[in-house]
Amino acid sequence: MRLASAFAALMLSTAPALAGLPFTEADYALEIPTLQSVVGHKPGEEMTTADETLKYIEALRDAAPDRMRVVPYAESWQGRQLVYAVIGSPENMAKIDEIKASLSRLSDGRSVTGAEREKMVRALPAVTWLGYAVHGNEISPTDAGLAVAYHLLAARGDADVDAILDNTIVIIDPLQNPDGRERFIHNFESARGLEIRGDNYAAERREPWPGGRLNHALFDMNRDWFSLTQPETRGRVKAITAWNPVATVDAHEMGSASTYFFAPPARPITPFIVESQREGYTIIGEANAAAFDKAGVPYFTREVFDMLYPGYGETWPALNGAIGMTYEQASPRGLAYNRADGSVLTYEESVFNHFLSTLTTAATVAKNKDKMLGEYVERRASAVKEGEASSKRYTIIDLSVRTGQAYDFAERMTAQGIPVTVLPAGAKVCSRTYDDGALIVDRAAPNGRLISTLLDTDTPIEKDYMTEQEERRARGLRHELYDVTAWSVPLMDGLSATTCARADLSDGEIFTARPTFETLAEAEFGYVLPWDDAGQARLLIAALREGLRGKTTEQAFTQDGTTYGRGSVVFSHAMNDDLQGKLAALLKEHGGEVLPMQSSWVEEGPNFGSAAFRDVTLPRVAMAWGMGTSALSAGASRYVAEQQLGLPVTPIRVMHLGFADLPAYDVLLLPETGYDFGRVLGGGAGAIQEFVRNGGVVIGLGSAVDSLAGSALGLLPAQRERRVGEEGSNGDDRATTVPGTELWSEADYQAAIASGTERPDSVPGVLVRATANEDHFLSAGYEDAITLFRGATIYSPLKVDQGTNVFRYADAEKLLASGYLWDDVRKQLARKPFVMARPMGDGMVIAFAQDPTVRAYQNGLQLLFANSLVLAPAHTD
3 MRLASAFAAL MLSTAPALAG LPFTEADYAL EIPTLQSVVG HKPGEEMTTA
53 DETLKYIEAL RDAAPDRMRV VPYAESWQGR QLVYAVIGSP ENMAKIDEIK
103 ASLSRLSDGR SVTGAEREKM VRALPAVTWL GYAVHGNEIS PTDAGLAVAY
153 HLLAARGDAD VDAILDNTIV IIDPLQNPDG RERFIHNFES ARGLEIRGDN
203 YAAERREPWP GGRLNHALFD MNRDWFSLTQ PETRGRVKAI TAWNPVATVD
253 AHEMGSASTY FFAPPARPIT PFIVESQREG YTIIGEANAA AFDKAGVPYF
303 TREVFDMLYP GYGETWPALN GAIGMTYEQA SPRGLAYNRA DGSVLTYEES
353 VFNHFLSTLT TAATVAKNKD KMLGEYVERR ASAVKEGEAS SKRYTIIDLS
403 VRTGQAYDFA ERMTAQGIPV TVLPAGAKVC SRTYDDGALI VDRAAPNGRL
453 ISTLLDTDTP IEKDYMTEQE ERRARGLRHE LYDVTAWSVP LMDGLSATTC
503 ARADLSDGEI FTARPTFETL AEAEFGYVLP WDDAGQARLL IAALREGLRG
553 KTTEQAFTQD GTTYGRGSVV FSHAMNDDLQ GKLAALLKEH GGEVLPMQSS
603 WVEEGPNFGS AAFRDVTLPR VAMAWGMGTS ALSAGASRYV AEQQLGLPVT
653 PIRVMHLGFA DLPAYDVLLL PETGYDFGRV LGGGAGAIQE FVRNGGVVIG
703 LGSAVDSLAG SALGLLPAQR ERRVGEEGSN GDDRATTVPG TELWSEADYQ
753 AAIASGTERP DSVPGVLVRA TANEDHFLSA GYEDAITLFR GATIYSPLKV
803 DQGTNVFRYA DAEKLLASGY LWDDVRKQLA RKPFVMARPM GDGMVIAFAQ
853 DPTVRAYQNG LQLLFANSLV LAPAHTD
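If you want it as structure tokens, here you go:
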């Protein structure tokens, strides 16, 4: 059966199943292999595995090499190849590399203007990027992507397909998270029985820890687009940057009881989205609405899924100028879900809905190609002009402050298409001389709006929207913010950043790689490793893994006019063989800084033989893992320790902690815990208590502080506060709650340390300032810090006989660094503890009221985390 338009025949799964897709009646070319012919099932009949996905994509390419190219772009943690398919007409594919280069030139925003630009817009195809299944347990998008690829290659006599192929290049990324998908499918198949069960609590639909949503490293990759911690994300960002798509789709699944969501997005929307993008959302949204109405599929728009945070798969492309969109399908979380109304949501139905929306999107772009490509190019050009006119055009990073982290910043910016200029030592820029040089980012760039939201101290949220949220709170309703409201990268990286309108960059060079180590001067006594950024912590850990022995100081010391701060590590020749050679090799591999010491004599502070110097050795670190812990926190904390700091970690399941050989370890890390931690831990509580008393260090992150303080462990006398003025009982067994207080002055704080059940309102996520207690070794390398605060947990300060408040949040007037913070929470949070420490027996308990490793993007806190992992064991008996 031949139809003039595929969309005229798109039907639900009751339609006759022809040679190609079970939900269309299009005329399909027999030479293009179907999914069933390659992997053994039809689209929507079974879940296609990662291996099958790659096999089928390659089979399609082999059948139509003149219309399809397959490009590997990344490798997952578990070694699976991630690819995207490039699909176009034979004429366009024959010159695809030339088209890609021309689109890059056209999209630069500066290279092509006037009549030439208009001519290129008319002549070149636009790129539509369709991405599927960034979350592994969101299963239907992948099979939908494969169905779209087949339809574009096999459908004959279809005017919409012809327009798509002639006017656009469609890029299909069918599976963004293969490791997570395989974990989900394995769990599903392991529980599968004689018949598919759609019951809500059927085992095949309920995933054991950690579930399939996350990748192997247990990261939510839909939060990673500017942090770039994961290899899958880094490859995808590089590919999208190279192709300059005018429209992107990130296809997801949501709760099983819902319907379908497509653009326009919900509020709040980043202020860097311009009017032509909003118009594009409406054009594509109306086209999707017409297609869904015709097919009888319910949908909703402008609800729940906002577009504020720049780490989403819709927002990051949009800040680069694309029409970036999130599509969400109700998930069967298997092959079927029994709805409350008696109907059944099938996997095939879910696949069809994503097929319909993404194919409709590609067709809409094709029908409006000149408009959408022209407006994309105009958005890129206007971003350059906005940057040129900005009083904050240049962001300058001082290389004398946290140098290693500054170069980490430069690598991360460069990886997402943001050029960084390196100025040499002694350079003068913006009326200031930088003795150690500086890094410069110019926001007069085609992706200048992305640069602005990443580097600005604050990204404003629509005032009327926030007024609505405050009114909701006043009526006792929950706010509607979906994610964090602050993400300023210089703040989170702990860097010294300033801005100015004009700068001379003629002496600079574009950053390509951090400086390499050249030589290490000879030293009579040994070498000192300054303790001032995360790069130094990485270098120390590498040295300890190499077998070097050193001593860390609790007090600053001065030698030859240079002061070395608390935490600095001294390596002596007397303690190490071939010290110079080993350190030189480590510096070459890892970077960092060590300085020669000709003797141990100092002008101020302790000498090397003082009790203020303590042996520092490679800590043996265990961490709680599995049921009872947050998978996100477990993944992030392990990633920061192992991948960012280089410190191996042994994960031990919570239920096994009571049987494990805990004395074999120096540190036990507790990531954020859940309500069931104490139940799963069982008799392991006694083993952890004994571990601390015998000299071990226990570190609790975020909600794990409740477990440390509550009946589960009873290791910390921390008390969580209720909302100010709120009465309540102490019914929460995880941590005793006390009335909320406001500490407006230093006197209030001193009084609190000298001597109801409702929490404060939950905060979506803001950046706040914290002040260090510089008398405690855990604050080495810090005077203050910036940390993410989210949620509703506030603790009263420890009293002086209970422990030390190593970091406390700044006073109310200085507290907020970036984001939107409820005023009552701001007042209550002021001067409350962020990091607490308590000696216990021969060991120590360390508590982070907020997880410093969340999303592995608070790089300015890596050194603090290293203090707890590496320096703390040196301070226990």
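For reference, each letter of the sequence shown is one residue, going 3 to 879 in our numbering. Just so it is clear, CB atoms sit at the ideal spot from N, CA and C, and this is done for glycine as well.
Considering Pro492, what are the terminal residues of the alpha helix (DSSP H) in which it resides?
Val491 to Asp495
Considering only residues of the same chain and omitting the five flanking positions on each side of Asp458, which have a CB-CB separation below 8 Å?
Lys394 and Ser490
DSSP three-state call for Ala385: helix, strand or coil?
helix
Residues near Val123 by beta carbon distance below 8 Å, same chain, minus five either side:
For Val123, same chain residues with a beta-carbon under 8 Å away, outside a window of 5 residues either side, are Leu108, Asp372, Leu375, Gly376 and Val379 in chain order.
Assuming His254 is part of the beta strand (DSSP E), what are its boundary residues?
Boundaries of the beta strand (DSSP E) harbouring His254: Ala249 to Met256, taken from the DSSP string.
Within 8 Å, strictly: CB atoms of Gly406 and Gly287:
Gly287 sits away from Gly406, with the two beta carbons spaced by 8 Å or more.
Under the DSSP definition of a beta bridge, which residues are partnered with Ser574?
Gly528
CB of Asp181 to nearest heavy atom of the ligand MN: below 7 Å?
As far as ligands go, the structure on display features none, and thus does not contain the ligand MN.
Using beta-carbon positions only, say whether Leu132 and Asp175 come within less than 8 Å of one another.
Annotated as proximal: Leu132 and Asp175, with beta-carbon spacing under 8 Å.
Count the other CB atoms, across all protein chains shown, that sit within 10 Å of the CB of Glu556; report buried if there are 16 or more and exposed otherwise.
By the Cβ-count criterion, Glu556 is buried, with 16 or more other Cβ atoms from all chains shown falling within 10 Å of its own Cβ.
Less than 8 Å between the CB atoms is what I'm expecting for Leu780 and Ala839, so what's the real figure, rounded?
6 Å
Less than 8 Å between the C-beta atoms of His137 and Asn202, yes or no?
no
Counted within 10 angstroms of its Cβ, other Cβ atoms place Ala503 as buried (16 or more) or exposed:
Counting Cβ neighbours within 10 Å, Ala503 comes out exposed, since fewer than 16 surround it.
In the region 757-830, which residue ranges form an unbroken beta strand (DSSP E) of at least 3 residues, counting only runs that do not cross its ends?
765-774, 786-793, 806-811 and 818-820
What is the DSSP secondary structure of Pro719, reduced to helix, strand or coil?
In the structure shown, Pro719 sits in coil (DSSP, three-state: anything other than H, G, I, E or B).
Am I right that Ser258 and Arg208 are in contact with their C-beta atoms under 8 Å? What's the rounded C-beta distance?
About 12 Å; that fails the 8 Å criterion.
With three or more beta-carbon pairs closer than 8 Å as the criterion, would you say the region 287-297 touches the region 237-255?
no
In chain order, which continuous runs of the beta strand (DSSP E) of length 3 or greater are located wholly inside the region 603-668?
615-618, 623-627 and 651-655
Inter-residue spacing [alpha-carbon to alpha-carbon] between Asn732 and Met629:
Reliability fails at Asn732, whose pLDDT of 47 lies under 50, so the model's placement of it is uncertain and the value that follows must be treated cautiously. One C-alpha to the other measures close to 26 Å.
What do you get for Glu93, buried or exposed, if any count of 16 or more other CB atoms within 10 angstroms of its CB means buried?
exposed
Less than 7 Å between C-beta atoms, sequence neighbours within five positions excluded: which residues of the same chain meet that for Val276?
Arg381
How many angstroms separate the CA atom of Ser384 from the CA atom of Ala391?
Each residue's alpha carbon lies about 11 Å from the other.
Give me, in chain order, the residues of the same chain whose beta-carbon lies closer than 7 Å to that of Gly689; leave out the 5 immediate sequence neighbours on both sides.
Per the sequence shown, residue 689 should be read as Ala rather than Gly. Once the five neighbours on either side are set aside, the close Cβ partners of Ala689 are Leu659, Gly660 and Leu664.
Which residue spans inside the region 845-872 form an unbroken alpha helix (DSSP H) run of at least 4?
864-868
Using only alpha-carbon positions, find the residue among Ser639, Val682 and Arg724 that is nearest to Ile701.
Ser639
What are the start and end residues of the alpha helix (DSSP H) that includes Gly450?
Gly450 to Leu457
Validate contact between the region 434-444 and the region 523-534 using beta carbons, cut 8 Å, 3 pairs
no
What residues in its chain sit with their C-beta under 6 Å from that of His778, if we drop five residues either side in the sequence?
Thr806 and Val808
What did DSSP end up calling Asn179 once you bin it into helix, strand or coil?
coil
Determine the closest residue to Ala429 out of Tyr409, Ser454 and Ile399, with distance taken between C-alpha atoms.
Ile399
Considering only C-alpha positions, which residue in the set Pro312, Leu522 and Val299 is nearest to Glu881?
For the chain, the structure presents residues 3 to 879; residue 881 sits outside this window and is missing.
Using a Cβ-Cβ cutoff of less than 8 Å, which residues in the same chain neighbour Arg695 once the five nearest sequence positions on both sides are dropped?
Met842, Gly843, Asp844 and Gly845
DSSP-derived helix/strand/coil call for Phe302
strand
In the DSSP assignment, what residue or residues form a beta bridge with Phe559?
In the DSSP output, where bridge partners are listed per residue, Phe559 has Tyr566.
Residues in the same chain with beta-carbon distance under 6 Å from Thr16, minus the five sequence neighbours each way, listed in chain order, please.
At Thr16, the pLDDT of 31 sits below 50, so the modelled position is not reliable; the number obtained from the coordinates is stated separately. Excluding residues within five positions, none has a Cβ falling inside 6 Å.
Using only alpha-carbon positions, find the residue among Thr36, Trp824, Ser345 and Val403 that is nearest to Ala476.
Trp824
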